[in-house]
Amino acid sequence: MTQSLSILGSTGSIGRQTLEVAEQLSVRVAALTAGSNVERMAEQCRKFRPSLAVMASEQAADALRARIADLPIRVRSGMDGLIEAAELDEADTVVTAVVGMVGLRPTLAAIAKKKRIALANKETLVCAGELVMAAARASGAEIIPVDSEHSAIFQCLMGAHGKEEIRRLILTCSGGPFFGKKPEELHGVTKADALRHPNWRMGAKITVDCATLMNKGLEVIEAMRLYDLPLSQVDVVIHRQSIVHSLVEFRDGAVLAQLGVPDMRVPIQYALTYPERYESPAKQLRLEDWKTLTFEQPDYDTFSCINLCRQAITKGGIYPASANGANEAANKLFRDGKIKFLDIADAVAGVLDS
Ligand code: NDP
Ligand code: MG
74 MTQSLSILGS TGSIGRQTLE VAEQLSVRVA ALTAGSNVER MAEQCRKFRP SLAVMASEQA
134 ADALRARIAD LPIRVRSGMD GLIEAAELDE ADTVVTAVVG MVGLRPTLAA IAKKKRIALA
194 NKETLVCAGE LVMAAARASG AEIIPVDSEH SAIFQCLMGA HGKEEIRRLI LTCSGGPFFG
254 KKPEELHGVT KADALRHPNW RMGAKITVDC ATLMNKGLEV IEAMRLYDLP LSQVDVVIHR
314 QSIVHSLVEF RDGAVLAQLG VPDMRVPIQY ALTYPERYES PAKQLRLEDW KTLTFEQPDY
374 DTFSCINLCR QAITKGGIYP ASANGANEAA NKLFRDGKIK FLDIADAVAG VLDS
């Protein structure tokens, strides 16, 4: 089990829940990194006393230094700082919880140092999954998924004897806040509408990705990379309740699923404690309270982003990174009120075309 952690993106949704888990398990927190949220980082530094704290800019790092001048904590900034946190000798596990492809270089740095990677930052695997997985094979670093679907698959594959036994992976998808809507109903939707996810509280970027279903497209690629399977063996099913976190169908027709209440602390904790399991504060699943769990086909015409990701990974090369980059930019423009919701998919399609 993890003894000491470096958390890249500690002020975010996954980062904060990782700190809760670390506290519960009495795991040492050796390094924390954030973008610009100096106030929250200062609080985290006071509480967890890491050796190293990193901010995205030197200006934010200076502001942090001023706030924690009384603490023996080294403060760094930028990509060099993120890499220093990823490579820190003191940490045996690196939680990659930054948002976006800024996570790629620190992840590769941690892999080279043979750290366990608790991987939340899916954009890294979408952009450069082949490089990342090859680097992990070469160094022997373990990559344990934090994403709930991929953690579910990881758990369902325990005891499998090689990938020949797998017929397909089935990723579940909540459908997001606009499930059942048609394009004409999506023209005027706002950022606030898109941020109203039915089942999960997450960072803004991934919540918008869940509304466009781009998140599921990224997750299809993430699953292909993690489990080294072709696109034809990764399916998606809409499951509105987010109780079944994903499934594996084996060649004899047996299907294994992993279930639980939607609570990211469970997959985060498992990535830290694997192969062991410990008590968790997450609510118990009582199936009789749910009564009905539903499953259906996604509406691929209205939510075209899943198929755009499929096109990108089929073409391979730089296409997945381009699709991801276009989405990161368009998602941000939508959140800044500069483009409309349906423009996000158009932007990704346009970049892939050009
Ligand atoms: P948040 O937006 O809540 O947090 C992102 C973190 O990254 C924050 O600490 C933020 O700092 C930091 N950050 C942002 N931009 C930069 C930058 N340019 N340089 C350095 N640090 C930066 O995101 P989430 O926690 O929701 O998601 C993190 C990752 O985990 C994403 O890849 C997401 O897809 C994945 N994931 C998240 C899930 C969830 O439940 N939230 C579920 C499954 C996967 P600051 O606070 O200062 O802005
Ligand atoms: Mg997920």
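Our numbering applies: residue 74 is where the sequence shown begins, and numbers increase by one. Don't be surprised by glycine CBs; every beta carbon is placed ideally from N, CA and C. As the structure is a computational prediction, the values presented were derived from the model and not from experiment.
Relative to the alpha-carbon of residue i, which residue among the options has its alpha-carbon at the smallest distance?
{"i": "Trp273", "options": "Pro250, Gly290, Glu257", "result": "Pro250"}
{"i": "Lys413", "options": "Glu295, Thr285, Thr365, Ala134", "result": "Thr285"}
{"i": "Ile294", "options": "Ser319, Leu259, Gly389, Asp153", "result": "Gly389"}
{"i": "Cys283", "options": "Ala208, Leu92, Asp336, Asn404", "result": "Asn404"}
{"i": "Ala129", "options": "Glu112, Gly108, Asp143", "result": "Gly108"}
{"i": "Glu401", "options": "Lys278, Tyr343, Gln342", "result": "Lys278"}
{"i": "Ala355", "options": "Gly333, Phe376, Glu361", "result": "Gly333"}
{"i": "Met297", "options": "Lys264, Ile226, Pro348", "result": "Ile226"}
{"i": "Ile311", "options": "Thr245, Gly253, Gly276", "result": "Thr245"}
{"i": "Gln384", "options": "Thr346, Gly423, Leu406", "result": "Gly423"}
{"i": "Asp362", "options": "Ala159, Ser79, Ile316, Leu155", "result": "Ile316"}
{"i": "Gly85", "options": "Val172, Val102, Leu137", "result": "Val172"}
{"i": "Ala139", "options": "Val111, Ile156, Ala164, Glu163", "result": "Val111"}
{"i": "Ile146", "options": "Ala136, Asp162, Cys118", "result": "Cys118"}
{"i": "Ile87", "options": "Asp409, Ala418, Ser427, Asp336", "result": "Asp336"}
{"i": "Val102", "options": "Gly248, Ile239, Ala164", "result": "Ala164"}
{"i": "Thr387", "options": "Ala418, Pro303, Phe368", "result": "Pro303"}
{"i": "Gly253", "options": "Phe407, Leu230, Ser212, Asp372", "result": "Asp372"}
{"i": "Thr263", "options": "Ala201, Asp409, Leu92", "result": "Asp409"}
{"i": "Ala183", "options": "Gly213, His318, Glu203, Gly232", "result": "Gly213"}
{"i": "Ala170", "options": "Leu198, Leu204, Ser427", "result": "Leu198"}
{"i": "Gly248", "options": "Ala418, Val127, Gln314, Ala95", "result": "Gln314"}
{"i": "Gly202", "options": "Leu181, Glu222, Lys187, Ala185", "result": "Leu181"}
{"i": "Val100", "options": "Lys188, Ser77, Leu268, Leu204", "result": "Ser77"}
Roughly how many angstroms lie between the CA atoms of residue i and residue j, to the nearest whole one?
{"i": "Ile243", "j": "Ile216", "result": "20 Å"}
{"i": "Gly261", "j": "Lys411", "result": "13 Å"}
{"i": "Asp374", "j": "Arg338", "result": "34 Å"}
{"i": "Ala330", "j": "Ser395", "result": "32 Å"}
{"i": "Val455", "j": "Met287", "result": "As shown, the chain starts at 74 and ends at 427. That puts residue 455 outside it, with no answer to give."}
{"i": "Leu320", "j": "Val307", "result": "10 Å"}
{"i": "Leu366", "j": "Leu125", "result": "45 Å"}
{"i": "Tyr300", "j": "Thr75", "result": "23 Å"}
{"i": "Ala134", "j": "Phe376", "result": "40 Å"}
{"i": "Ala142", "j": "Glu131", "result": "16 Å"}
{"i": "Ala159", "j": "Leu345", "result": "16 Å"}
{"i": "Asp153", "j": "Val167", "result": "16 Å"}
{"i": "His234", "j": "Cys382", "result": "29 Å"}
{"i": "Pro218", "j": "Ala115", "result": "28 Å"}
{"i": "Arg350", "j": "Ala420", "result": "43 Å"}
{"i": "Lys289", "j": "Ala209", "result": "24 Å"}
{"i": "Glu237", "j": "Leu144", "result": "53 Å"}
{"i": "Ile190", "j": "Leu291", "result": "19 Å"}
{"i": "Leu425", "j": "Gly82", "result": "29 Å"}
{"i": "Leu98", "j": "Val328", "result": "32 Å"}
{"i": "Met206", "j": "Ser79", "result": "20 Å"}
{"i": "Gly398", "j": "Ile391", "result": "10 Å"}
{"i": "Glu322", "j": "Leu415", "result": "34 Å"}
{"i": "Ala136", "j": "Leu155", "result": "17 Å"}
{"i": "Ile239", "j": "Pro348", "result": "21 Å"}
{"i": "Ser353", "j": "Asp220", "result": "17 Å"}
{"i": "Arg113", "j": "Arg324", "result": "49 Å"}
{"i": "Leu406", "j": "Ala95", "result": "34 Å"}
Applying the criterion that 16 or more other CB atoms from any shown protein chain within 10 Å of the CB defines a buried residue, is residue i buried or exposed?
{"i": "Phe121", "result": "buried"}
{"i": "Arg149", "result": "buried"}
{"i": "Pro393", "result": "buried"}
{"i": "Pro123", "result": "buried"}
{"i": "Ser305", "result": "exposed"}
{"i": "Leu360", "result": "exposed"}
{"i": "Met275", "result": "buried"}
{"i": "Gln342", "result": "buried"}
{"i": "Ile340", "result": "Here the sequence assigns Pro to residue 340, which means Ile is not the residue at that position. By the 10 Å Cβ count, Pro340 comes out buried."}
{"i": "Ile379", "result": "buried"}
{"i": "Arg266", "result": "The sequence as given places Asp at residue 266; Arg does not occur at that position. The residue in question, Asp266, is exposed, as its Cβ has fewer than 16 Cβ neighbours within 10 Å."}
{"i": "Leu358", "result": "exposed"}
{"i": "Ser427", "result": "exposed"}
If you measure from the CB of residue i, is any heavy atom of the ligand NDP nearer than 8 Å?
{"i": "Glu196", "result": "yes"}
{"i": "Gly108", "result": "yes"}
{"i": "Thr84", "result": "yes"}
{"i": "Leu92", "result": "no"}
{"i": "Ala211", "result": "no"}
{"i": "Lys120", "result": "no"}
{"i": "Val171", "result": "yes"}
{"i": "Lys278", "result": "yes"}
{"i": "Trp273", "result": "yes"}
{"i": "Met428", "result": "For the chain, the structure presents residues 74 to 427; residue 428 sits outside this window and is missing."}
Relative to the ligand MG, is the shortest distance from any of its heavy atoms to the C-beta of residue i smaller than 8 Å?
{"i": "Glu401", "result": "no"}
{"i": "His270", "result": "no"}
{"i": "His234", "result": "no"}
{"i": "Ser430", "result": "Residue 430 falls outside the range modelled here, since the chain spans only 74 to 427, and no answer is possible."}
{"i": "Glu292", "result": "yes"}
Original post:
Any contact of the stretch 173-183 with the stretch 192-201, i.e. 3+ C-beta pairs under 8 Å?
Top reply: yes
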